[in-house]
Amino acid sequence: MHHFCSKKIEEACVANSKQLQGKELSLNNIYDADSCFETVKEFNETACVIVKHNNPCGAALHENQLQAYIDARDCDPVSAFGGIVAFNSKVLKDVAEEISKTFIEVLIAPIMIQRH
Numbered sequence: 000m001h002h003f004c005s006k007k008i009e010e011a012c013v014a015n016s017k018q019l020q021g022k023e024l025s026l027n028n029i030y031d032a033d034s035c036f037e038t039v040k041e042f043n044e045t046a047c048v049i050v051k052h053n054n055p056c057g058a059a060l061h062e063n064q065l066q067a068y069i070d071a072r073d074c075d076p077v078s079a080f081g082g083i084v085a086f087n088s089k090v091l092k093d094v095a096e097e098i099s100k101t102f103i104e105v106l107i108a109p110i111m112i113q114r115h
C-alpha cells in the first residue's frame with residue numbers, strides 16, 4: 000500500500016504530496032490517486048472517496064471518519080478492493096486499522112501519522 004500526505008487540503012495534490020511508503024506508482028495509480036483526491040477535496044464535511052480505474056466506486060460523508068470509510072467501501076466492495084482511498088482530513092488510527100483489513104493500492108490524505 001502507498002501512503003501519501005500533503006499538509007494543506009486546499010493546496011494539496013498528488014504532485015506535491017510526499018510518498019511515505021510503497022513502491023513507485025504506476026501511471027494508472029497516479030491518475031486514480033489524483034482524481035480521487037481532487038474529488039474528496041470538494042467536500043467540507045468529513046469525506047472518503049474510493050476510485051478504481053479512474054471511476055468513483057464509493058463516496059461517503061459522515062461526521063465519524065470510520066463510518067465515512069465503511070460507507071464508501073460498502074458502496075461497491077468488489078470494486079473498492081485494490082482501489083485508491085482518499086480522505087479530506089487526517090486519517091485516524093481506528094480508520095487506518097480498518098483500512099488495513101482490505102487490500103488497497105493507495106491511501107491519500109492531507110495528514111498521515113507515520114509509524115516508527
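According to numbering that gives the first Met the number 0, the sequence shown holds residues 0 to 115 in order. Yeah, the Cβ is synthetic: ideal placement off N, Cα and C, and Gly gets one too.
Boundaries of the beta strand (DSSP E) around V84: I83 to F86. The Cβ atoms of I103 and F80 sit closer than 9 Å to each other. Annotation: K51 is outside any alpha helix (DSSP H); the continuous beta strand (DSSP E) that includes it extends over A46 to K51. Pairing I107 with C56 gives a Cβ-Cβ distance that is not under 9 Å.
By the Cβ neighbour-count rule, S16 is buried, with 16 or more other Cβ atoms within 10 Å of its own.
With respect to the C-alpha of H52, the residue from S99, E44 and D31 having the closest C-alpha is D31.
Counting every other CB atom within 10 Å of its CB across the protein chains shown gives D33 a total of 16 or more, marking it as buried. Ranked by Cα distance from G82, the first of N28, K22, K92 and D73 is N28. Exclusion of the five residues before and after V94 leaves Q64, L65 and Y68 as the residues of its chain whose Cβ lies within less than 6 Å of its Cβ.
For D75, the closest alpha carbon among the candidates I110, N43 and I49 is that of I49. If only complete runs of 4 or more residues are kept, the segment 15 to 81 shows the alpha helix (DSSP H) at 26 to 39, 64 to 74 and 76 to 79, in order along the chain. In the DSSP annotation of this structure, the continuous segment of the beta strand (DSSP E) that includes I107 starts and ends at V105 to A108.
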